[in-house]
Structures are given as C-alpha cells and as structure tokens.
Amino acid sequence: MRASSNEKKLMAFIVFLILVAISVAASIFFYPLDKVEAEYDIVEINDIANTAFDNWNEISEHGNEILPAGSYEYAIVSKDGTLVYKTGEDVPCIVNEAVRKGCIIFDVASDETVLGKLIILPINSQKYICAVNSARLAAGITLIVTVLLLSALVYRISVRILKPFNKLKDFAQNVAAGDLDTPLQMDKANYFGAFTESFDMMRTELKASRKREDELIRDRADMVAQLSHDIKTPVASIIATSELLNAKTDDDLYKAKLDIIIAKATQLSDLSDELNKITKAEQDKLNVECSTFSTVDLMEMIKKCDYLGKIKPFDMPEALVLLDRGRMKQVIDNVISNSYKYAGTDIELNAGLSDEFLILRIKDHGPGIKPEEISGICGKYVRGKDVGDKEGAGLGLFTARQLMNRMGGDFQVASEYGEYFEAIIIVALDI
Numbered sequence: 028m029r030a031s032s033n034e035k036k037l038m039a040f041i042v043f044l045i046l047v048a049i050s051v052a053a054s055i056f057f058y059p060l061d062k063v064e065a066e067y068d069i070v071e072i073n074d075i076a077n078t079a080f081d082n083w084n085e086i087s088e089h090g091n092e093i094l095p096a097g098s099y100e101y102a103i104v105s106k107d108g109t110l111v112y113k114t115g116e117d118v119p120c121i122v123n124e125a126v127r128k129g130c131i132i133f134d135v136a137s138d139e140t141v142l143g144k145l146i147i148l149p150i151n152s153q154k155y156i157c158a159v160n161s162a163r164l165a166a167g168i169t170l171i172v173t174v175l176l177l178s179a180l181v182y183r184i185s186v187r188i189l190k191p192f193n194k195l196k197d198f199a200q201n202v203a204a205g206d207l208d209t210p211l212q213m214d215k216a217n218y219f220g221a222f223t224e225s226f227d228m229m230r231t232e233l234k235a236s237r238k239r240e241d242e243l244i245r246d247r248a249d250m251v252a253q254l255s256h257d258i259k260t261p262v263a264s265i266i267a268t269s270e271l272l273n274a275k276t277d278d279d280l281y282k283a284k285l286d287i288i289i290a291k292a293t294q295l296s297d298l299s300d301e302l303n304k305i306t307k308a309e310q311d312k313l314n315v316e317c318s319t320f321s322t323v324d325l326m327e328m329i330k331k332c333d334y335l336g337k338i339k340p341f342d343m344p345e346a347l348v349l350l351d352r353g354r355m356k357q358v359i360d361n362v363i364s365n366s367y368k369y370a371g372t373d374i375e376l377n378a379g380l381s382d383e384f385l386i387l388r389i390k391d392h393g394p395g396i397k398p399e400e401i402s403g404i405c406g407k408y409v410r411g412k413d414v415g416d417k418e419g420a421g422l423g424l425f426t427a428r429q430l431m432n433r434m435g436g437d438f439q440v441a442s443e444y445g446e447y448f449e450a451i452i453i454v455a456l457d458i
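Taken in order, the sequence shown gives residues 28 to 458; the numbers are from my numbering.
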C-alpha cells in the first residue's frame with residue numbers, strides 16, 4: 028500500500044532527526060582540540076607565585092602546607108634549573124621541555140628580584156583531552172538515545188494514530204463511492220478501536236438499507252411489469268372488439284364512438300409500455316465518466332481492494348487505460364468479495380495486453396459454477412444454485428458487466444465446476 032502524505036512527512040522528520048544527530052555528533056567528535064582556547068585564572072596563578080616568593084626557603088619541604096591549593100598542575104624551579112617543588116609527575120621541570128610541551132611559565136619574582144620559574148601544565152594536556160573525549164562520548168550517546176526515543180515516539184504516533192486515521196479516511200471514501208462490501212479492519216492496539224467499530228457498524232447498516240432498497244425497487248419493477256401485463260391484456264381485447272364492431276357497422280355515429288374507444292385504449296396501452304420502460308431505465312441507470320489512468324494506478328487499486336491479502340504477487344504491464352476510478356473499484360470489489368465469500372482460497376491474477384485492451388484474469392480455486400449456469404450467471408438477480416445460505420442479491424456480476432460495457436470494455440466469466448472460477452475483466456486502452 029502506498030504511503031500517505033502524513034506518513035511520508037513523519038519518515039522525513041525521522042530522517043531529519045537522524046541527520047541532525049549525525050551532524051552534531053560529528054561536530055562534537057571531530058572538533059580539533061588544538062582550537063580550544065584555554066582560559067587561565069591569573070589571580071590564582073599570581074597567588075601561587077607570590078606565596079612561593081614569600082616562602083622560598085620553606086616550600087621545598089613544606090610546599091603542600093604553604094602553597095595554596097589550586098586547579099592547576101605546576102612546578103617551581105630555581106634560576107639555575109633546580110627543582111624546588113611540583114604537584115605532579117607529569118609536570119616538566121626543565122624550562123626548554125616545558126616550552127616544547129606548551130606550558131605556561133611565570134617568574135617567581137617581586138620588583139626586580141627573580142628567584143625562579145613557575146611552570147604550569149597547559150589545560151589542554153592529556154588529562155584535559157581525556158576529559159573532553161569522555162564528555163564527547165557522553166554527549167554523543169545522549170544525543171543518539173534522544174534521537175532514537177524521538178524516532179520511536181514518531182513511529183508510534185504513525186502506527187497508532189496516523190495509519191488508523193488513514194484507514195478511516197479510505198473507508199469513508201469507499202462508502203461515499205458506494206462500496207459497502209469492504210469491511211473496516213479493526214485493531215485494538217490503535218486509539219480508534221471503538222470509533223472504528225462504530226464506523227463498520229454504520230457500513231453494515233447502510234449495506235442492509237441498500238439491500239432493502241434494492242428489494243423494494245425490484246418489487247416495484249415486478250409490480251409495474253405485472254400491472255402493465257395485466258392492463259395490456261384487457262386493453263388489447265377492448266381494441267380488438269372495438270375494431271371488429273367498427274368493421275361490421277355502417278352507423279357513422281357508432282363508428283365515431285368506437286374510434287374514440289380504440290384511440291383511448293391504444294393510448295392506455297402506450298402509457299403502460301412507457302411506464303414499464305421508465306421503471307426499467309431507472310433500474311439500469313449507471314453513470315460512468317472515464318478518464319486516463321496508468322496501470323500502476325490500477326495495480327494499487329487492486330491491492331487496496333484485496334484487504335485480506337489473498338491475491339498472490341502479480342505483474343502488471345505498463346500502459347494507459349480508460350476507466351472510471353470509482354466504477355472500476357466497484358467492479359474489482361465485486362469480484363474479490365465474491366471470491367472471499369464463495370471460495371476463500373488464494374487468488375491468482377494475470378494481466379496482459381491484447382490489441383486495444385488490457386485483460387485481467389482473476390482466478391480462485393473454489394467450487395466454481397456448473398457449466399449450464401455460466402451463460403446466465405451475469406444476468407440480473409441470478410445466483411449460482413450451490414451458494415447455500417450465503418447472502419447476496421445476484422447483482423454483483425450483472426453490475427460488473429454493465430459497468431465494464433459502459434467503460435468501453437467487457438466482463439466475462441469462466442469456470443470448471445469443482446476446480447476454479449475465473450473473472451475476466453477487459454479494460455479499454457487509451458491509444
């Protein structure tokens with residue numbers, strides 16, 4: 028089934044979230060550390076240097092107690108390069124080495140008196156790099172988890188809300204187009220469960236109402252046909268008797284009266300015929316407006332009508348066809364619904380091109396119909412003799428043939444009793 032516009036938007040949003048996550052993660056992981064600008068607390072550094080100057084002779088032995096606790100790793104060396112004090116093993120004690128490693132070097136001095144050097148390990152040292160990498164990893168994992176959770180939420184919204192809503196929309200369109208045979212599939216997992224059931228109950232009631240209406244129309248047509256026949260019989264007798272009397276009399280006044288009787292009786296017979304024709308025309312009225320569609324559209328229509336998934340995978344030749352979308356769907360629905368009802372087997376569909384037509388052969392492997400029934404099975408109110416207690420009015424195949432004829436095609440059937448039933452839909456090509 029083709030994805031709806033809302034589902035496509037959701038998928039695009041998920042892809043967008045993933046791309047954003049990848050972009051942010053890439054910027055976090057691949058941003059060069061050498062471009063990180065370190066910020067040093069000059070006040071803290073001056074405090075260390077001044078304290079070291081004031082207690083120069085004591086810091087070599089009591090530095091831990093004298094020097095202020097700070098946030099930097101550092102070393103203090105004398106002017107001749109002798110190590111006086113350092114806070115960690117990673118701090119270089121030689122000025123040249125410290126310069127090479129990017130350390131910050133301050134004088135331990137007051138006025139013009141310089142006692143030594145304060146070597147501060149740079150912030151972007153290995154420990155800082157490890158810390159940044161850890162932060163990067165944590166940020167990346169958090170970002171990925173967030174995107175996955177958002178994607179899961181969006182997917183849940185799609186499955187539980189949008190897809191059921193689209194099914195309701197398609198169902199409403201089918202009902203509006205007159206398709207009352209396709210049920211609305213119910214799923215307790217979505218948020219429209221009770222609402223869906225109400226919609227399908229509406230379809231069932233509408234179908235029952237249509238059946239009652241068809242029966243009333245049929246009864247009315249039968250009554251009109253019977254009345255027409257009952258009226259025409261005595262009227263024909265009146266006309267015949269009047270004509271006989273007219274031929275045997277020489278009385279002009281008598282002849283004139285008989286002519287009036289004959290004329291009025293003939294008028295009554297004509298009115299009876301006209302009433303019969305109007306009733307029959309109302310029954311057979313099927314409006315069709317054909318447009319050009321691709322066989323891809325027709326293929327999607329067939330798959331959509333197969334709501335139980337009975338049709339096996341099939342190929343469709345590429346072509347343009349002339350059809351009325353709503354009426355064509357009605358034909359396909361009739362065929363597939365009949366297969367569901369009377370066969371219940373898998374359905375084979377073969378499509379091919381022949382001259383100016385697309386030929387669709389839809390075959391199931393149910394009981395089929397008897398040879399003597401094939402010629403009349405597409406007649407109005409005709410049903411197979413072995414349908415049992417399965418409901419139906421005998422109008423499905425009749426309507427399918429009428430509609431296909433009006434669309435410039437045809438509808439035929441074939442069957443091997445006990446083996447298969449095949450509906451042959453002949454669709455006009457747009458050439």
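Glycine included, C-beta positions come from ideal geometry on N, C-alpha and C.
To the nearest angstrom, how far is it from the Cα of residue i to the Cα of residue j?
i	j	result
Y444	G403	15 Å
E383	E327	22 Å
V172	F192	29 Å
Q429	G435	10 Å
L145	N160	29 Å
L385	V348	8 Å
S381	L456	10 Å
T260	G411	34 Å
D297	V251	14 Å
C317	D351	4 Å
I258	L271	20 Å
I401	A441	7 Å
T231	L177	40 Å
K128	I184	55 Å
N82	A162	39 Å
C120	M38	59 Å
Between residue i and the rest of its own chain, which residues show a CB-CB distance below 7 Å, the 5 nearest in sequence each way excluded?
i	result
Y99	I147, L148
F40	V181
A346	T322, L380, L385, L456
A136	F80, L142
DSSP three-state label for residue i, please.
i	result
K113	strand
T209	coil
D134	strand
K368	helix
Y182	helix
K339	coil
N201	helix
D457	coil
L422	coil
I266	helix
N123	helix
G143	strand
Might you give, ordered along the chain, the residues of its own chain that have their beta carbon closer than 8 Å to the beta carbon of residue i, omitting 5 neighbours on each side?
i	result
Y112	A79, I86, S87, G90, L94, A102, I103
I374	D333, K337, I338, K339, I363, S366, I389, K390, D391
K282	N273, T276
N361	D208, G423, L424, T426, A427
A378	T322, F341, D342, M343, P344, L385, I386, L387, R388
Provide the residue span of the alpha helix (DSSP H) that contains residue i, from first to last.
i	result
V414	Careful: V414 lies outside any alpha helix (DSSP H) and carries neither H nor E.
G435	Element bounds for G435: n/a, residue is neither H nor E.
E71	69–81
V104	Unbroken run through V104 is the beta strand (DSSP E), 101–105; no alpha helix (DSSP H).
L325	322–332
Give every residue of the same chain whose Cβ lies closer than 6 Å to the Cβ of residue i, excluding the five residues on either side of it in the sequence, and list them in chain order.
i	result
A292	V262, I265, I266
G115	E100
With respect to the beta strand (DSSP E) encompassing residue i, which residues constitute its N-terminal and C-terminal limits?
i	result
T276	No beta strand (DSSP E) holds T276; DSSP gives it neither H nor E.
R388	384–391
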